[in-house]
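*Asks:*
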Amino acid sequence: MSSLPNRDDQHMQELMAGKVLGDLSKEELQEFGELFSASNANDLQELELAAAALQLALADALKQAMPDSLRQRIADASASLFVPASDESVQFSQARRAESTDSENSALDDANFGQRKSSRLTWREGAAWLAVAASLLFAAQLWFGSDPQKQRMTRVPTATESRLALLNDSQNLIRVDWSNGKTPFENSVTGDVVWSNASQQGFMRFVGMPPNDPLQGQYQLWIIDPERDAEPIDGGVFNIASTGEVVVPIQAKLKVLKVAAFAITIEQPGGVVVSTQDRLPLLAQVLN
Amino acid sequence: MITSILLNPNPTLLETDPLNDSVLCRIAAGDPTAVDECVALYGGLVWSLARRWFKNSADAEDLTQEVFVDVWQSAKRFDPGVASEVVFITMIARRRMIDRLRRSSAKLDAVSVEASAIEVMASPSQDRVELADEAAKAARCLERLSKEQQKILTMSVHQGDSHSLISRALGIPLGTVKSFARRGLIQLRDCMKKSAWAQVSETAS
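These protein sequence lines are chains A and B, in that order. Position 184 of the first sequence, counted from 1, bears residue number 184 in this note's numbering, the numbering being contiguous throughout. So this note's numbering is basically just the index in the second sequence, starting at one, shifted up by 288.
Written out as structure tokens, the structure is:
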């Protein structure tokens, strides 16, 4: 009794995989259309994201510059997004949708994600944006234009200043000290990590960290967040120029949900996307 | 879970989350400058994907434009907590590429690796896109599949080769190619949910 649903589920999984790979026959497409339901949407989405991630991984070394003529064509198309409000009946998005009415995936998009809402901006909205921007620029000029003290306020704060501001202004901060990782430094390194989940902002502070030669290797931060994913989040690549106190901002590439630990690895220049963890000198564990 | 989040993007989150400074979130919020920025950031990537699948330059150009229009229209569905921007855009590109192939019945004509290598140009810095975490996971998980599955998935996903073409090229029956490709993708997805970092994570917690 129980094996039949499993077989059916496996068959549906394979149909969805075939759909994502674009290899369904006409008969399979028809079967897919009949069997697909909202309960399968999550699985289909995961398969699509997996295929996209794989394609991205395999394509990484093949980035080519887009031709200028094409860039211009796309710029022209984007201008079409700003249509006069009086001409709303002729919507760019609708025109594009009409072009692809025979598109399986376009139909599937709607099945997966519900009715599309046009993200087209009207001419009025565009003008309003420009007016707001101009007003802000004017106000900024009035505010900063004459007062030297206020002009100094436009200076970008240092990482140390930003860290202090975060410590002073934020509540529910995570603050943990560095400890030895799997391959500790010969000399003791101290410091800490502060992280605000609310603002998704944080800083690393090091004292005694060995300076690196950026041409030979760089430090890389990993944010371990099992609640989000078993894979760590890339927290950015950075250099250390002195053994004194150094503050480095965290550059989380993805949204952090709940940090379990921060780890520092030493990687090739530019960092890596997958760390072998061969050199993991520092770890900061969060006690949740 | 993934779909439910994409289905119902939280407006509050979009307004307050600093990560929503991403170019797609800005497009969704109506920032006109973000559209050009999106092309500057991801144009090279989408164009490269298109050129790999479509030997005909005109097809590749049309496809690239089509992808960006779709990206702009889909920007409101993007959630940085679900997938990285670059994977989201690649997913849309894949859909449009598959649609275009079916519409035109174009032969899946892969560009050879050698030809692609010659065509690679020095990309301006804004065209460089960092490899997303998900892509890293996918690369690692691909290595865990059998050699046949690796070969078939690479030809299918990367080169856009049809399964019949793969069947002829590898001398494997078409049914087997389809089965290997589909089950390989399912295994890849399942593997991507696991992690080699689990050990460090467990140590940390």
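Just so you know, even glycine gets a beta-carbon here, dropped at the ideal spot from N, CA and C.
Give every residue of the same chain whose Cβ lies closer than 7 angstroms to the Cβ of F468 of chain B, excluding the five residues on either side of it in the sequence, and list them in chain order.
*Replies:* E436, Q437, I440
*Asks:* Give me the chain D residues within the contact set of G369 of chain B, using Cβ-Cβ distance strictly less than 9 angstroms, ordered along the chain.
*Replies:* Within the model displayed, chain D is absent; protein chains A and B are what it includes.
*Asks:* Tell me whether V20 of chain A sits in a helix, a strand or coil according to DSSP, three-state version.
*Replies:* helix
*Asks:* Along chain B, in chain order, which residues have C-beta atoms closer than 9 angstroms to that of D169 of chain A?
*Replies:* Ordered by position in chain B, no residue passes the 9 angstroms Cβ test against D169 of chain A, which lies about 14 angstroms from the chain.
*Asks:* Quick check on A252 of chain A: buried or exposed, where buried means 16 or more other Cβ atoms within 10 Å of its Cβ?
*Replies:* buried
*Asks:* Give a yes or no on whether the minimum CB-CB distance between I406 of chain B and chain A is below 8 angstroms.
*Replies:* Because I406 of chain B sits at a pLDDT of 25, beneath the cut-off of 50, its placement in the model cannot be relied upon, and the following sentence gives the value as read from the coordinates. Chain A, which has no Cβ nearer than 8 angstroms to the Cβ of I406 of chain B, makes this no.
*Asks:* Mind pulling the chain B residues with CB within less than 7 angstroms of R71 of chain A?
*Replies:* V327, G331
*Asks:* Taking 8 angstroms as the cut-off, decide whether the C-beta atoms of V426 of chain B and A53 of chain A are in contact.
*Replies:* Going by the sequence as given, residue 426 of chain B is Ala instead of Val. For the 8 angstroms CB-CB criterion, A426 of chain B and A53 of chain A form a contact.
*Asks:* Please determine, among A:E31, A:V237, A:M12, the residue with the shortest C-alpha to C-alpha distance to D213 of chain A.
*Replies:* The option with the nearest alpha carbon to D213 of chain A is A:V237.
*Asks:* Going by beta carbon distance, what residues of the same chain come within less than 6 angstroms of R339 of chain B, once the five residues before and after it are set aside?
*Replies:* A348
*Asks:* For I223 of chain A, list the residues DSSP reports as bridge partners.
*Replies:* A:I233, A:F262
*Asks:* Under the rule that 16 or more other beta-carbon atoms within 10 Å means buried, what is S103 of chain A, buried or exposed?
*Replies:* Bear in mind that a pLDDT of 47 at S103 of chain A, under 50, signals an unreliable position, so the number given afterwards is only what the model happens to contain. S103 of chain A should be labelled buried.
*Asks:* Exposed or buried, what is D367 of chain B when buried is set at 16 or more other beta-carbons lying within 10 Å of its beta-carbon?
*Replies:* buried
*Asks:* Kindly list the residues whose CB is nearer than 7 angstroms to the CB of E125 of chain A, restricted to its own chain and excluding five residues on each side of it in sequence; keep chain order.
*Replies:* Per-residue confidence for E125 of chain A stands at a pLDDT of 45, beneath the threshold of 50, marking its modelled position as unreliable; the derived number appears in the next sentence. Closer than 7 angstroms at Cβ, skipping near neighbours: no residue.
*Asks:* Is there at least one Cβ from chain B nearer than 8 angstroms to D192 of chain A's Cβ?
*Replies:* For D192 of chain A, the answer is no, since every Cβ of chain B falls outside 8 angstroms of its Cβ.
*Asks:* Name the chain B residues whose beta carbon is nearer than 8 angstroms to that of I233 of chain A?
*Replies:* The answer, in chain order, is D421.
*Asks:* Determine whether the beta carbon atoms of G18 of chain A and K466 of chain B lie at a separation below 8 angstroms.
*Replies:* Yes; because the gap between Cβ atoms is below 8 angstroms, this pair is in contact.
*Asks:* Please list the partners that V20 of chain A has in chain B, where partner means a Cβ-to-Cβ separation under 7 angstroms.
*Replies:* L473
*Asks:* Which same chain residues end up closer than 6 angstroms to E245 of chain A when comparing Cβ atoms and leaving out the 5 residues on each side of it in sequence?
*Replies:* V207
*Asks:* Give the DSSP-derived three-state secondary structure of T158 of chain A in the structure shown.
*Replies:* coil
*Asks:* In chain B, what lies closer than 8 angstroms to E27 of chain A by C-beta?
*Replies:* The CB of E27 of chain A never comes closer than 8 angstroms to any CB in chain B; the least such distance is about 13 angstroms.
*Asks:* At 8 angstroms on the CB atoms, spell out the chain B contacts of A241 of chain A, in chain order.
*Replies:* Those do not exist, as A241 of chain A stays about 23 angstroms from chain B at its closest Cβ, beyond 8 angstroms.
*Asks:* Closer than 6 angstroms by C-beta to V499 of chain B: which residues in its own chain qualify, once you throw out the five before and the five after it? Chain order, please.
*Replies:* Nothing can be reported for residue 499 of chain B, as the shown portion of chain B is limited to 289 through 493.
*Asks:* For L58 of chain A, which residues in chain B fall below 7 angstroms Cβ to Cβ?
*Replies:* T442, V445, H446
*Asks:* Take the Cβ of T265 of chain A as the centre, count every other Cβ of all protein chains shown within 10 Å, and call the residue buried at 16 or more, exposed below.
*Replies:* buried
*Asks:* Going by the CB atoms, is the gap between S372 of chain B and E422 of chain B shorter than 8 angstroms?
*Replies:* Contact: yes.
*Asks:* Note down the Cα distance separating R175 of chain A from S310 of chain B, rounded to an integer number of angstroms.
*Replies:* 26 angstroms
*Asks:* So Q285 of chain A and K182 of chain A are in contact, right, with Cβ under 8 angstroms, and what is the actual spacing, rounded?
*Replies:* No, Q285 of chain A and K182 of chain A are not in contact; Cβ-Cβ is about 13 angstroms, not under 8 angstroms.
*Asks:* Where does V176 of chain A sit, in a helix, a strand or coil, going by DSSP?
*Replies:* strand
*Asks:* Compare the beta carbon distance of L58 of chain A and T464 of chain B with 8 angstroms and say whether it is the shorter of the two.
*Replies:* no
*Asks:* Per DSSP, what kind of secondary structure is F32 of chain A in: helix, strand or coil?
*Replies:* helix
*Asks:* Name the DSSP bridge partner or partners of D192 of chain A?
*Replies:* As a beta-bridge residue in DSSP terms, D192 of chain A pairs with A:D177, A:R205.
*Asks:* From the beta carbon of A469 of chain B, is the nearest beta carbon of chain A less than 8 angstroms away?
*Replies:* yes
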